[in-house]
Structures are given as C-alpha cells and as structure tokens.
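Q:
Number of protein chains: 2
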Amino acid sequence: MAGTPRSHCPINLSLEVFGDRWTLLVLRDIIFAGKRRYRELLSSDEGISTNILADRLKVLTECGLLTRSDDPGHKQKVVYSLTEPAIALVPLLVQIGAWGSRYLPASEELSLYAHVLDNGGPAMRETFMDELRATHLGPSARRHPTPPGPSFEQAVAEARAALAASAVS
Amino acid sequence: MAGTPRSHCPINLSLEVFGDRWTLLVLRDIIFAGKRRYRELLSSDEGISTNILADRLKVLTECGLLTRSDDPGHKQKVVYSLTEPAIALVPLLVQIGAWGSRYLPASEELSLYAHVLDNGGPAMRETFMDELRATHLGPSARRHPTPPGPSFEQAVAEARAALAASAVS
DNA sequence: ACAACTGCTTGTGTTTTGCAAGTGCTTGTA
DNA sequence: TACAAGCACTTGCAAAACACAAGCAGTTGT
Numbered sequence: 000m001a002g003t004p005r006s007h008c009p010i011n012l013s014l015e016v017f018g019d020r021w022t023l024l025v026l027r028d029i030i031f032a033g034k035r036r037y038r039e040l041l042s043s044d045e046g047i048s049t050n051i052l053a054d055r056l057k058v059l060t061e062c063g064l065l066t067r068s069d070d071p072g073h074k075q076k077v078v079y080s081l082t083e084p085a086i087a088l089v090p091l092l093v094q095i096g097a098w099g100s101r102y103l104p105a106s107e108e109l110s111l112y113a114h115v116l117d118n119g120g121p122a123m124r125e126t127f128m129d130e131l132r133a134t135h136l137g138p139s140a141r142r143h144p145t146p147p148g149p150s151f152e153q154a155v156a157e158a159r160a161a162l163a164a165s166a167v168s
Numbered sequence: 000m001a002g003t004p005r006s007h008c009p010i011n012l013s014l015e016v017f018g019d020r021w022t023l024l025v026l027r028d029i030i031f032a033g034k035r036r037y038r039e040l041l042s043s044d045e046g047i048s049t050n051i052l053a054d055r056l057k058v059l060t061e062c063g064l065l066t067r068s069d070d071p072g073h074k075q076k077v078v079y080s081l082t083e084p085a086i087a088l089v090p091l092l093v094q095i096g097a098w099g100s101r102y103l104p105a106s107e108e109l110s111l112y113a114h115v116l117d118n119g120g121p122a123m124r125e126t127f128m129d130e131l132r133a134t135h136l137g138p139s140a141r142r143h144p145t146p147p148g149p150s151f152e153q154a155v156a157e158a159r160a161a162l163a164a165s166a167v168s
C-alpha cells in the first residue's frame, strides 16, 4: 500500500488508499455511527474480521486519515480520531451512498443519511463536516462559527418520520 | 460478487460492486479516455492484467454497468458501452479525483479533469454526462436539448493553458 | 500464404482475505 | 485478593483473489 504508485492519476492514487471492500466501511462507521474504539468498529453490520480491521486501522493511521490516542482514564482503551483528509471524504461517501441507494437494493432507513446530505446541499454537508471537526479535531477546528443550515440530525429525524408515514399509507 | 450481500447499507452495496483496485479504473478509461475496446482498456496507465480486465468487464456487464456489442463491420471486434447507472457514477469519479488531487501526489495534468468537472458545478457535469449518453446510449438518450453550460472539452483546454502558463512563470 | 491483430483463456506462483483461536494486559466484582 | 470479564490486537491456516506470462481460435490486411 505504501510502495511506488502505479500511476499519478488522482483517481488511481485514491483507490490505492481506499480502493477495497473494507476501508471506506470503517470510515463510514466512524463518520456516521460515531464509533471511535476497536470493539465498536469490530461489530459492523458486515462482520469485518479482526485481523482485517487491525490492518485497516494501521494503514489509515499510517497514511494520515486517522490518529490513534490512548484514553487517559482507561489504560488499555484507545480512541481513533478522524483527520481533515478523512473528513474531506464525506462528500465522497455521500455520493457512494446516493448511488447505491438509487441503483442497488439498499435499505431505505440506511439510505436516509445519504439522501439528506445529498439533497441538503453544500451547506448541510459543511455543517455535518464541521461537527466532525469539533468532535475529532477539537472545537477550535470548526470553520463556521454558526451552522449555516438546518441541523443534520434534525433533517434525518424529519426524513425518518416522513419515511415511516409513507410506509403506513 | 453476486452472492448474498453482507448488508443492505447503500455504501456497502456500492463497494460490493466497485470496491476494488481496478473496477473504477476501467470505468474511468471508458468515461474520460473514450476507450471502448478490450485492447484499448488493456493499455491503461496502471498496467491491468488481461485476466483481471476480462473478469471486470464480465462482472460490470453482468451487473448492468456495461453492455457488450459486436462491431458489425469487423467480426471479431467488440464494443463496450456505458449504461445509465455507469454514467451516473461520473459525480462519484469526480469526487474521487478531486480528493486524490488535493491530498495525494497527483499529476496536475491528470487532475484537470476532476477540477474542471468539480468546479464547473452540476451544469457542467450534466453536459458531460449528456455527451456520454449520446455516445453510448444513442443521441435520443440525451436529457438536455442544448448544453446548459460551457463545453467540458473547452474548459479543460482553458485549464490546461492556464496550467502551462503558470508552469512557465 | 501468412503475419498481425482480435478478445480473450489457461497455468503458475504470490498476495490478500476470512475464520477461529489465542495473547498479554487492565478492570470490575466478590 | 482471587478471578472472570473486557481491552486491543496477534497468530495460524485454508481459501480466494491477484499478477505475470504464455497460449488460442478466429479474422483481417498485405
């Protein structure tokens, strides 16, 4: 993964970082499910193997998408945090989710996140990314002093309610 | 690849389709380099193996992202065409390229495509996608009677000229 | 007639993956 | 102060995917 790149095409370079079946799922769980620790990430919906997870966390840390830090209150606990390049992958994950929910048999419930962030436009994505910055990089890493749009969680809740209402009818 | 999905998360389902090191590169060459035939695709910058290419073309055809048709004027020539779901991957490829050109040591020349389509906004992407529809699905598959924005090729040419000028200075 | 080209297929060795079990250490509980 | 439970991984092994090279049947151009 850290050898000489096959080409300097930006798409190829990106795929050499996260072009596999698991890397983006790990980031998805950190970004959208708020998982920060090994055990949490191990219990993904897809059942990632423990050796694969350990390897991906190592690679993601090495290439600067995650940082690993000890939990001061618990000697053997570890917390993984997103870096700015990883937070910058949010629009990409949204696109992947939007495409999958349109063309593949995806769960409507799980598709809400992609739809809300896709239809919410750049403002909602920036709000969401800024909350990730506050959580993972510290409150001072925010780029917008006040959310420029409606809250992501609020929009998801509304979309969930709308979905439930349409399912009843 | 066609077994029972690990989960119905739209991101996971997408990754089960194109979550590997080669699939999106094949689509990249068809979409951005205009390659349509096996030999053309075989000579990618990254040096894809012939058996891997054959497998990916088979899988992409089976899952509805490509269609395979014989060249009427040449008995052993084959032409691969994009389907609408594959054309719908353009914004995703643009995001991947934009991220890679920002955070990885990408070629500036090759990053132009991503930058132009990213900065050009939805209008330029729609124009580009509509040209793919005309080429791969037939002129009647266009969704916009007249291009709503400046031409993609023209914008790339301008960006290339600007890049060359900045390299001189 | 024949070399070159078409889209692949086959064989072989290496790398990656998936699954299960285990490891060393820390923590909470009786 | 035992001792089970929890923590983040590591190790071993079989199966699958991948990379590289060679080959193949049919078609085309000269």
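In order, the protein sequences belong to chains A and B. In terms of numbering that gives the first Met the number 0, the first sequence has 129 at position 130, counting the first letter as 1, and numbering is strictly consecutive. In terms of numbering that gives the first Met the number 0, the second sequence has 48 at position 49, counting the first letter as 1, and numbering is strictly consecutive. Here a beta-carbon is modelled for each residue, glycine too, at the ideal position from N, C-alpha and C. All values derive from a computational prediction rather than experimental measurement.
With a threshold of 8 angstroms, are at least 3 pairs of Cβ atoms found where one atom belongs to the region 103 to 110 of chain B and the other to the region 73 to 92 of chain B?
A: The region 103 to 110 of chain B vs the region 73 to 92 of chain B: no contact.
Q: How many angstroms separate the CA atom of Ala133/B from the CA atom of Ala156/B?
A: For Ala133/B and Ala156/B, the distance between alpha carbons rounds to 22 angstroms.
Q: Using a cut-off of 9 angstroms between C-beta atoms, extract the partners of Arg132/B located in chain A.
A: Near Arg132/B there are no residues of chain A at all, since even the closest Cβ is about 16 angstroms away, more than 9 angstroms.
Q: If you follow the beta strand (DSSP E) that Thr66/B is in, where does it begin and where does it stop?
A: Per DSSP, Thr66/B belongs to the beta strand (DSSP E) from 65 to 69.
Q: Figure out for me which residue from Ala164/A, Ala122/A, Asp69/A, Ser139/A has the closest Cα to the Cα of Ser169/A.
A: As displayed, chain A neither begins before 0 nor continues past 168, which places residue 169/A out of reach and without an answer.
Q: To the nearest angstrom, how far is it from the Cα of Ser165/B to the Cα of Val89/B?
A: Approximately 28 angstroms between the Cα atoms of the pair.
Q: Rounded to whole angstroms, how far is the Cβ of Leu136/A from the Cβ of Phe127/A, which I believe are closer than 8 angstroms?
A: With 8 angstroms as the limit, Leu136/A and Phe127/A do not qualify as a contact, their Cβ atoms being about 14 angstroms apart.
Q: If you follow the beta strand (DSSP E) that Leu81/B is part of, which residue opens it and which one closes it?
A: First-last of the beta strand (DSSP E) with Leu81/B: 77 to 81.
Q: Can you give me the Cβ contacts of Leu59/A inside the same chain, cut-off strictly under 6 angstroms, excluding the 5 residues immediately before and after it?
A: Once the five neighbours on either side are set aside, the close Cβ partners of Leu59/A are Leu65.
Q: Should Asp70/B be labelled buried (16 or more other beta-carbon atoms within 10 Å of its own) or exposed?
A: By the neighbour-count rule (16 or more Cβ atoms within 10 Å), Asp70/B is not buried but exposed.
Q: So, is the C-beta of Arg101/A closer than 9 angstroms to a C-beta in chain B?
A: Yes, Arg101/A lies at the interface with chain B (some Cβ there is under 9 angstroms from its Cβ).
Q: Is there a Cβ of chain B sitting closer than 9 angstroms to that of Ile86/A, yes or no?
A: Chain B contact via Cβ: absent.
Q: Just verifying my parser: in three-state terms, what is the DSSP assignment at Gly46/B?
A: DSSP places Gly46/B in coil when its eight states are reduced to three.
Q: When the cut-off is 9 angstroms and only beta carbons count, does Ala163/B lie next to chain A?
A: So, not an interface residue.
Q: Suppose contacts are defined by Cβ-Cβ distances below 9 angstroms. Is Asn11/A in contact with Asp19/B by that definition?
A: Cβ distance not < 9 angstroms, so Asn11/A and Asp19/B don't count as in contact.
Q: In or out: Ala158/B buried (at least 16 other Cβ within 10 Å) or exposed?
A: Buried: at least 16 other Cβ atoms inside 10 Å.
Q: In terms of alpha-carbon separation, which member of Ile51/B, Leu103/B, Val25/B lies closest to Pro9/A?
A: Taking only the C-alpha atoms, the option nearest Pro9/A is Leu103/B.
Q: Taking Cβ-Cβ distances shorter than 8 angstroms, what residues in chain A pair up with Leu36/B?
A: Checking the displayed sequence, the identity of residue 36/B turns out to be Arg instead of Leu. Those within 8 angstroms of Arg36/B in chain A number zero; the least Cβ separation is about 20 angstroms.
Q: Taking the alpha-carbon of Val16/B as reference, which of Val16/A, Glu15/A, Lys57/A, Trp21/A has the nearest alpha-carbon?
A: The option with the nearest alpha carbon to Val16/B is Trp21/A.
Q: When burial is assigned at 16 or more other CB atoms within 10 Å of the CB, is Ala97/B buried or exposed?
A: Buried: at least 16 other Cβ atoms inside 10 Å.
Q: Between the region 97 to 122 of chain A and chain B, which residues of the former have CB atoms less than 8 angstroms from a CB of the latter, in chain order?
A: Against chain B - using a Cβ distance shorter than 8 angstroms - the residues of the region 97 to 122 of chain A are Ala97, Trp98, Gly99, Ser100, Arg101, Tyr102, Leu103, Pro104, Ala105, Ser106, Leu109, Ser110, Ala113.
Q: What is the C-beta distance between Leu23/A and Leu40/A, in whole angstroms, given that I count them as a contact (C-beta under 8 angstroms)?
A: Not quite, the Cβ-Cβ distance comes to about 13 angstroms (not below 8 angstroms), so this is no contact.
Q: With 16 other CB atoms within 10 Å as the buried threshold, where does Leu154/B fall?
A: Sequence inspection shows Ala at residue 154/B; the Leu mentioned does not correspond to that position. Flag for Ala154/B reads buried.
Q: Please look up how many angstroms separate the CB atoms of Ser13/B and Ile95/A, rounded, as I've assumed it's under 8 angstroms.
A: About 5 angstroms separates the two Cβ atoms, so the contact holds.
Q: For chain A, find out if any of its Cβ atoms is closer than 9 angstroms to the Cβ of Ser13/B; answer yes or no.
A: Yes, its Cβ sits closer than 9 angstroms to a Cβ of chain A.
Q: Which residues in chain B sit within 8 angstroms of Leu52/A, going by Cβ to Cβ distance?
A: None at all; the shortest Cβ gap to chain B is about 14 angstroms.
Q: Rounded to whole angstroms, what's the CA-CA distance from Asp54/A to Val25/A? Just pull it up for me.
A: So the alpha carbons of these two residues sit roughly 11 angstroms apart.
Q: Thinking C-alpha only, which one of Ala161/A, Val167/A, Ser6/A, Ala140/A is nearest Ser42/B?
A: When only C-alpha atoms are compared, the closest one is Ser6/A.
Q: For Phe17/A, which three-state DSSP category applies?
A: In the structure shown, Phe17/A sits in a helix (DSSP, three-state: H, G or I).
Q: Which residues in the same chain have their Cβ closer than 6 angstroms to the Cβ of Met0/B, if we skip the five residues on either side of it in sequence?
A: Bear in mind that the predicted position of Met0/B carries a pLDDT of just 47, short of 50, making it unreliable; the figure below should be weighed with that in mind. Taken in chain order, the residues that qualify are Val58.
Q: Check the Cβ-Cβ distances between Val16/A and every residue of chain B, and say whether any is below 9 angstroms.
A: Interface residue, yes.
Q: Roughly how many whole angstroms lie between the Cα atoms of Glu130/A and Arg141/A?
A: For Glu130/A and Arg141/A, the distance between alpha carbons rounds to 7 angstroms.
Q: Under a three-way DSSP split, which group does Pro144/B fall into?
A: Residue state, collapsed to three classes: coil.
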